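This report concerns only the one structure given below.
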Amino acid sequence: MRRVLHHAYAASLFLAGLFLVGIFVLMIGESAFRKLGSYIVGANELIGWFCAAAGFLALPATFIRGDMVRVGFIVDHLAPGMRKVVLTACLLLALVFVSYMLYAISGYMLSSWRYGDMTQGMIEVAVWIPKTSFLLGVALLWVAIVDALVTTLAARADSLRAERLADTEAAPRH
């Protein structure tokens, strides 16, 4: 199961990287076309969608690897028993917030799909299509938080460190 999760996090991070490459290509292309007196239709919309996709798809991997801003410096100086309590409380709080986020995004996506909402701008597509990466990134972040919570609850208190919540030593690095 650990391998499946790490592959899911890595795939999400890979997709985020592809969206970053897409941003680069569009921005360079837009600059080149502007010099030639033309432009790429919808480049601004695409860059905005790609930027959001890159950010949200990178969330699970950055969380599980400890690359997000955390209070690890403070938590790691607590006594082992207290450290486990604080880490568990923090993960539960994060789980509550991300659960609500997932619920809200799912409702938003479902209603935009149900009513056939379309984007406004140079490119007109169904709203739910560019927002899918938002939902996928938050859903995988929810899984990553549950993963970290289960790992924290199962671990011995003296082996816990805030910067290595979910066995990041086993996580593939790219």
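Here the sequence shown stands for residues 26 to 199, numbered as in our numbering.
Idealized CB from N, CA, C, for every residue including glycine.
Remember, it's a predicted structure, so these values are computed and weren't measured experimentally.
Does the Cβ of R59 have 16 or more other Cβ atoms within 10 Å, making it buried, or fewer, making it exposed?
exposed
To the nearest angstrom, how far is it from the Cα of L117 to the Cα of G162?
19 Å
Ignoring anything shorter than 4 residues, give me the alpha helix (DSSP H) runs that lie fully in the segment 28-112, in order along the chain.
68-89 and 97-100
In three-state DSSP terms, what is M147?
coil
Quick one: any contact between the segment 145-156 and the segment 71-79, if contact means 3 or more CB pairs under 8 Å?
yes
Could you check if L43 belongs to the surroundings of the ligand NAP, using beta carbon to heavy atom distance under 8 Å?
With respect to the ligand NAP, the structure shown offers nothing to examine, as it has no ligands at all.
If you compare alpha carbons, which of A164, L45, L178 and L43 is closest to P85?
A164
Measure from the alpha carbon of L174 to the alpha carbon of each residue in A68, G67, T113 and L166, then state which is nearest.
T113
With a cut-off of 8 Å, do at least 3 Cβ pairs link the segment 133-153 to the segment 53-70?
yes
DSSP three-state assignment for G162, whether helix, strand or coil
helix
Give the secondary structure of I130 by DSSP, where H, G and I count as helix, E and B as strand, and everything else as coil.
helix
Measure the beta-carbon distance from L51 to L82 and round it to whole angstroms, keeping in mind my assumption that it falls under 8 Å.
About 17 Å separates the two Cβ atoms, so there is no contact after all.
Using the Cα positions of M38 and H32, report the straight-line distance between them to the nearest angstrom.
What sits at residue 38 in the sequence shown is Leu, not Met. If you take the alpha carbons of L38 and H32, they lie about 10 Å apart.
Contact check, A79 vs L127 under 8 Å by CB: the rounded distance?
In fact, because the Cβ distance is near 19 Å, the residues do not count as touching under 8 Å.
Can you name, in chain order, every residue of its own chain whose Cβ lies under 8 Å from the Cβ of A119, other than the five neighbours on each side?
I170
Below 8 Å on the Cβ atoms is my contact criterion, and I expect D172 with L30 to pass it. Report the Cβ-Cβ distance as a whole number of Å.
6 Å
Going by beta carbon distance, what residues of the same chain come within less than 6 Å of W167, once the five residues before and after it are set aside?
V123 and L127
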